[in-house]
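Participant: Just so you know, the protein sequences line up as chains A, B and C, in that order.
Count the first sequence with my numbering and you get residues 780 to 1121, in order.
Count the second sequence with my numbering and you get residues 780 to 1121, in order.
Count the third sequence with my numbering and you get residues 780 to 1121, in order.
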Amino acid sequence: MVKSLEEIAAIVGGTVVGDADLEITGITNIEDAGPGEITFAVQPHLEKAATSNAAAVIVPETVTVFAKPIIRVNNPRIAFTKVLEVFTPQEMVPRGVHPTAVVGSDVFVGRNVAVMAYVVIADNVSIGDNTIIYPHVYLGEGVTIGADTIVYPNVSVYRHSEIGSKVIIQAGAVIGSDGFGFVTVAGKHHKVPHAGAVVIEDNVEIGANVTIDRGTTGYTRVMRGTKIDNLVHLAHNVIVGENCLLVAYTGISGSTTIGNNVTFAGQSGSVGHITIGDNCTFAGRAGVTGNVPANSFYAGFPARPHREWLKGEASQRKIPNLLKKVQELETRLAELEKNDRC
Amino acid sequence: MVKSLEEIAAIVGGTVVGDADLEITGITNIEDAGPGEITFAVQPHLEKAATSNAAAVIVPETVTVFAKPIIRVNNPRIAFTKVLEVFTPQEMVPRGVHPTAVVGSDVFVGRNVAVMAYVVIADNVSIGDNTIIYPHVYLGEGVTIGADTIVYPNVSVYRHSEIGSKVIIQAGAVIGSDGFGFVTVAGKHHKVPHAGAVVIEDNVEIGANVTIDRGTTGYTRVMRGTKIDNLVHLAHNVIVGENCLLVAYTGISGSTTIGNNVTFAGQSGSVGHITIGDNCTFAGRAGVTGNVPANSFYAGFPARPHREWLKGEASQRKIPNLLKKVQELETRLAELEKNDRC
Amino acid sequence: MVKSLEEIAAIVGGTVVGDADLEITGITNIEDAGPGEITFAVQPHLEKAATSNAAAVIVPETVTVFAKPIIRVNNPRIAFTKVLEVFTPQEMVPRGVHPTAVVGSDVFVGRNVAVMAYVVIADNVSIGDNTIIYPHVYLGEGVTIGADTIVYPNVSVYRHSEIGSKVIIQAGAVIGSDGFGFVTVAGKHHKVPHAGAVVIEDNVEIGANVTIDRGTTGYTRVMRGTKIDNLVHLAHNVIVGENCLLVAYTGISGSTTIGNNVTFAGQSGSVGHITIGDNCTFAGRAGVTGNVPANSFYAGFPARPHREWLKGEASQRKIPNLLKKVQELETRLAELEKNDRC
Chain A
780 MVKSLEEIAA
790 IVGGTVVGDA
800 DLEITGITNI
810 EDAGPGEITF
820 AVQPHLEKAA
830 TSNAAAVIVP
840 ETVTVFAKPI
850 IRVNNPRIAF
860 TKVLEVFTPQ
870 EMVPRGVHPT
880 AVVGSDVFVG
890 RNVAVMAYVV
900 IADNVSIGDN
910 TIIYPHVYLG
920 EGVTIGADTI
930 VYPNVSVYRH
940 SEIGSKVIIQ
950 AGAVIGSDGF
960 GFVTVAGKHH
970 KVPHAGAVVI
980 EDNVEIGANV
990 TIDRGTTGYT
1000 RVMRGTKIDN
1010 LVHLAHNVIV
1020 GENCLLVAYT
1030 GISGSTTIGN
1040 NVTFAGQSGS
1050 VGHITIGDNC
1060 TFAGRAGVTG
1070 NVPANSFYAG
1080 FPARPHREWL
1090 KGEASQRKIP
1100 NLLKKVQELE
1110 TRLAELEKND
1120 RC
Chain B
780 MVKSLEEIAA
790 IVGGTVVGDA
800 DLEITGITNI
810 EDAGPGEITF
820 AVQPHLEKAA
830 TSNAAAVIVP
840 ETVTVFAKPI
850 IRVNNPRIAF
860 TKVLEVFTPQ
870 EMVPRGVHPT
880 AVVGSDVFVG
890 RNVAVMAYVV
900 IADNVSIGDN
910 TIIYPHVYLG
920 EGVTIGADTI
930 VYPNVSVYRH
940 SEIGSKVIIQ
950 AGAVIGSDGF
960 GFVTVAGKHH
970 KVPHAGAVVI
980 EDNVEIGANV
990 TIDRGTTGYT
1000 RVMRGTKIDN
1010 LVHLAHNVIV
1020 GENCLLVAYT
1030 GISGSTTIGN
1040 NVTFAGQSGS
1050 VGHITIGDNC
1060 TFAGRAGVTG
1070 NVPANSFYAG
1080 FPARPHREWL
1090 KGEASQRKIP
1100 NLLKKVQELE
1110 TRLAELEKND
1120 RC
Chain C
780 MVKSLEEIAA
790 IVGGTVVGDA
800 DLEITGITNI
810 EDAGPGEITF
820 AVQPHLEKAA
830 TSNAAAVIVP
840 ETVTVFAKPI
850 IRVNNPRIAF
860 TKVLEVFTPQ
870 EMVPRGVHPT
880 AVVGSDVFVG
890 RNVAVMAYVV
900 IADNVSIGDN
910 TIIYPHVYLG
920 EGVTIGADTI
930 VYPNVSVYRH
940 SEIGSKVIIQ
950 AGAVIGSDGF
960 GFVTVAGKHH
970 KVPHAGAVVI
980 EDNVEIGANV
990 TIDRGTTGYT
1000 RVMRGTKIDN
1010 LVHLAHNVIV
1020 GENCLLVAYT
1030 GISGSTTIGN
1040 NVTFAGQSGS
1050 VGHITIGDNC
1060 TFAGRAGVTG
1070 NVPANSFYAG
1080 FPARPHREWL
1090 KGEASQRKIP
1100 NLLKKVQELE
1110 TRLAELEKND
1120 RC
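(1) What is the DSSP secondary structure of residue 790 of chain B, counted as helix, strand or coil?
(2) Does the Cβ of residue 784 of chain B have 16 or more other Cβ atoms within 10 Å, making it buried, or fewer, making it exposed?
(3) Sorted by chain position, which residues of the same chain lie with C-beta nearer than 6 Å to residue 897 of chain C's C-beta, five sequence neighbours on each side aside?
(4) Kindly say whether residue 1098 of chain B, judged by its beta-carbon, lies nearer than 8 Å to any beta-carbon of chain C.
(5) Looking at the structure shown, is residue 1015 of chain B part of a helix, part of a strand, or coil, going by DSSP?
(6) May I ask you to verify whether the segment 1108–1115 of chain B touches the segment 1076–1096 of chain B, counting CB pairs closer than 8 Å and requiring at least 3?
(7) Using DSSP with H/G/I as helix, E/B as strand and the rest coil, what is residue 857 of chain C?
(8) Is any beta-carbon of chain A found at less than 8 Å from that of residue 1003 of chain C?
(9) Would residue 866 of chain C count as contacting chain B if we go by Cβ distances under 8 Å?
(10) Counting only the same chain and skipping the five closest in sequence on each side, list residues whose C-beta sits under 8 Å from that of residue 863 of chain C.
(11) Please report the Cβ distance between residue 912 of chain C and residue 881 of chain C, rounded to the nearest whole angstrom; I am assuming they are in contact, meaning their Cβ atoms lie under 8 Å.
(12) Scan the segment 1103–1115 of chain C for residues whose Cβ lies nearer than 7 Å to a Cβ of chain A and list them as they occur along the chain.
(13) Under 9 Å between beta-carbons, which chain C residues line up against residue 1063 of chain A? List them in chain order, please.
(14) Counting only beta-carbon separations shorter than 8 Å, does residue 806 of chain C have a partner in chain B?
(15) Taking all protein chains shown into account, do 16 or more other C-beta atoms lie within 10 angstroms of the C-beta of residue 1069 of chain B, making it buried, or fewer, making it exposed?
(16) Report the residues of the segment 986–1013 of chain B with a CB closer than 7 Å to any CB of chain A, ordered along the chain.
(17) Can you list, in chain order, the residues of its chain whose CB lies under 8 Å from that of residue 821 of chain C, leaving out five sequence neighbours each side?
(18) Under a Cβ-count criterion, where at least 16 other Cβ atoms within 10 Å of its own Cβ denotes burial, should residue 895 of chain C be classed as buried or exposed?
(19) Are the beta-carbon atoms of residue 946 of chain B and residue 925 of chain B separated by less than 8 Å?
(20) If you draw a straight line from the alpha carbon of residue 902 of chain A to that of residue 973 of chain A, how long is it in whole angstroms?
(21) Of all the CB atoms in chain C, is at least one closer than 8 Å to the CB of residue 1101 of chain B?
(22) Can you tell me which of the three DSSP states residue 782 of chain C falls into?
(23) With a threshold of 8 Å between beta-carbons, can residue 1090 of chain C be considered close to chain A, or not?
(24) Report yes or no: is there a C-beta of chain B within less than 8 Å of the C-beta of residue 978 of chain A?
(25) When DSSP builds the beta bridges, which residues end up paired with residue 914 of chain B?
(26) Counting only Cβ-Cβ distances shorter than 8 Å, please list the residues of the segment 785–818 of chain B near chain A, keeping chain order.
(27) For residue 1061 of chain C, name the three-state secondary structure that DSSP assigns.
(28) Use the C-beta contact count for residue 781 of chain C: other C-beta atoms within 10 angstroms, 16 or more gives buried, fewer gives exposed.
(29) Quick one: grab the DSSP three-state call for residue 1032 of chain A.
(30) Step through the CB atoms of chain B and report whether any lies within less than 8 Å of the CB of residue 965 of chain A.
(31) Which class does residue 1110 of chain C belong to by DSSP, given the choice of helix, strand or coil?
(32) Measure the Cβ-Cβ separation of residue 935 of chain A and residue 976 of chain A and say whether it is below 8 Å.
(33) Which chain A residues sit within Cβ distance under 8 Å of residue 972 of chain C?
(34) Please report the straight-line C-alpha distance between residue 819 of chain B and residue 875 of chain C, rounded to a whole angstrom.
(35) Can at least three beta-carbon pairs, one atom from the segment 998–1017 of chain A and one from the segment 1032–1048 of chain A, be found at a separation below 8 Å?
(36) At a CB distance below 7 Å, what residues from the segment 883–909 of chain A approach chain B? Give them in sequence order.
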């Protein structure tokens, strides 16, 4: 898709400063923006946007001079989400249930739904309006899916999983597999039955090849607005709050509860049976080993407050010098001791 | 499923102390147990069970007073496994080969087998009695599967893999993919052929989206009773002993041999071409870099005995104080040197 | 496959020293070679090959005496690649488009192609000569695949992905899923559209359950000859150069550019938006946090030159002794101070 800056300004009710014919081919955040792409910025990010690779920037009306073409608007954030919608391609797939789909009994399919080739749907499944199910998806017994949801190819959804509206599940994800629960008797591991299920609330996105295990009893739950990157793992009975970000390879062990607006950066994780408060951020590779209070920024393994972690890292880099220094002190001390003995 | 405490006591030949009508909805270990669930405990875990969230506990006959409703039995472990079986839901799937399954030549299918929609089975495959193959599973040429095994949707099993009885393979797992073997000649990587296969012995469970590569020649082998969590990776020619536990994201490099009853906690792993003895435990994030003797408890990266690792962690936390202390010593030393020179 | 040493010598134009009837069942590198397998060696690896488990070794003509049976040739590397080809089994699959494959409009299928059962191919797809597509593969709209490529079962390829010739994609891999890109406005994460695609160049191998996200705009690209192990993750707009090796669980964040001949060992990774030069090697668990110059060997997290990392590790092991030493110095100093005050 290509839109001129002028056309975008019309969509958001803003005014162009600079080349109004400039062609915009995409839209993203400041850091990712490349040539041809538009982004948005408010203070304190205007400087960063000005020196970014973006072709143009949506800015507040108070900005009059800028190093790049701009669109001035009342509220850049709201304007930006409007432009996002314009640039988001609709999935153009044929609607209806493909003749090769195998559909069980007592299945409800809403209006304008696409159930594509070789989808297998067990009994008592419900699929909301406008939802798209790509080829080779399996929906187990009693699964419910809301409206405007997209399930990409080769996704497996086990029985009784509940998936909300406006959810996106990327290819290869597994929802509702048995949790890793065993009771060891005389050295042998006996499987604990997993009678629970998974709940994925509205507006959640789940990345490719993610795995989310069902609850032992009760639910594993991902609350609305949370976004999950590829190859993330959520164990049985984990609860992830609203509007969280779980970046690739984040692994959350069983029965841990995570608050709202929490970010786990890449290759991080948590032990099980703990509680993590709202608004926490865990740096890449952070490994959480105990409860974490709200509003924390943690790093390292075992994870600790980021400032502590930085100090620890800094002090470690001082060890080689410290070793030399102590050797030197010892020499000087020995000299004094010799004199002292005289 | 719901059973009263009285009904459960009858199943295990025990006696109830407390509310015999208490409704039990699930069964699991002490740590995971929530309201409505029953667990079991023997010394030294009785105290932990008493303060757990479990609704009731199976205990030895020697226990007469307890903080929760109990069932007293001769052997709590054996009683517990009996109750586990009761609470484990049978997979209620239609038996027979679904008309959409594509089945090759010389395929043996045992009694009471379910081969579900769109399963693809290559030539010379054998499937034992009571085994269930979910939709979209691919079984390559010459694959053998034992009795009472469950293969969940979208699993890929490459040619000549041998899968035992009472095995469970969760969705999306890949068994028998080519190992990551190349020979580099003049900067180019030439693929090493992988003519070997994978053997999964009886009573093994394999998690969702796990990958197990075939041997270069010979086998990659997972021995009986071992349980593998989601997103684990076993490289070519790895041998995992009996009754091991490999938790999520454990990665074992090529040709490493692991003994019996070994536990790798989450996000841990091992280099290739080493031997790990029986009864070893590796803490979360442990990275094994050399042979490990039997009965070891290792942590850290490079992995070392857990006690050493704890000491190392403790000594690191003392560095900031040490830096101050050495500075103070230097000041005092300089003072002495000044006096000494006088 | 079994070949005598004599037969192999004939293939490569070499001469046998030792048992010419020795049966060779496989071929691999020195480290992986087991009984029955042949490998090759040149200086300085001759000693290592001599003490390896290999049954026989291809060596330069200058070698006349060796601890194992040998084949002497002019160029062992070239001879080895010839033997590799002999031992690589051809995929013996029926050619043609299986009647159950669902094929869209304007799809081009080359000569001698195998499109197996239940493959789903969207519109405007192109598949080159001799390419094999296993069951349950999904190829999205406009996907192109070159010649002599193998796509194993349950692989999902999103729209507009471009896959080269002689590419191998192991089962369960996902190519072209949406990148993890969001713009957060008032605490809610708004999805950034991903209008880009993925390019996989010739001779690339992609492991089982790998995930490669499409570009936001533009491409995520894996250049020719690069080999990717299982469960690797490449985020949006990552560029991986030629002849790289990315070992299991390597995770590369968005918009990072990697040069040629770069190796990431297992469980390593990189932050986004950085540049990594040619010929770099990252040790297992390395976590790259900034640009890396060409020809670097890095380890640790944050990743730093391997020599520095080794020094850091060594100095950490000296802390317990250092603590004792400083305590001892303080005692001696106090003694001197006491004398000094007298």
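Glycine included, C-beta positions come from ideal geometry on N, C-alpha and C.
Facilitator: Put simply:
(1) helix
(2) buried
(3) 879, 914, 915
(4) yes
(5) coil
(6) no
(7) helix
(8) no
(9) yes
(10) 806
(11) With 8 Å as the limit, residue 912 of chain C and residue 881 of chain C do not qualify as a contact, their Cβ atoms being about 12 Å apart.
(12) 1104, 1105, 1108, 1111, 1112, 1115
(13) 1032, 1048, 1050, 1066, 1068, 1080
(14) yes
(15) exposed
(16) 986, 987, 988, 1004, 1006, 1008, 1009, 1010
(17) 838, 839, 855, 856
(18) buried
(19) yes
(20) 20 Å
(21) yes
(22) strand
(23) yes
(24) no
(25) Answer is none; residue 914 of chain B lacks a bridge partner.
(26) 804, 805, 806, 807, 808, 810, 811, 813, 815, 816
(27) strand
(28) exposed
(29) coil
(30) yes
(31) helix
(32) no
(33) 805, 806, 863, 866, 867, 868
(34) 58 Å
(35) yes
(36) 897, 899
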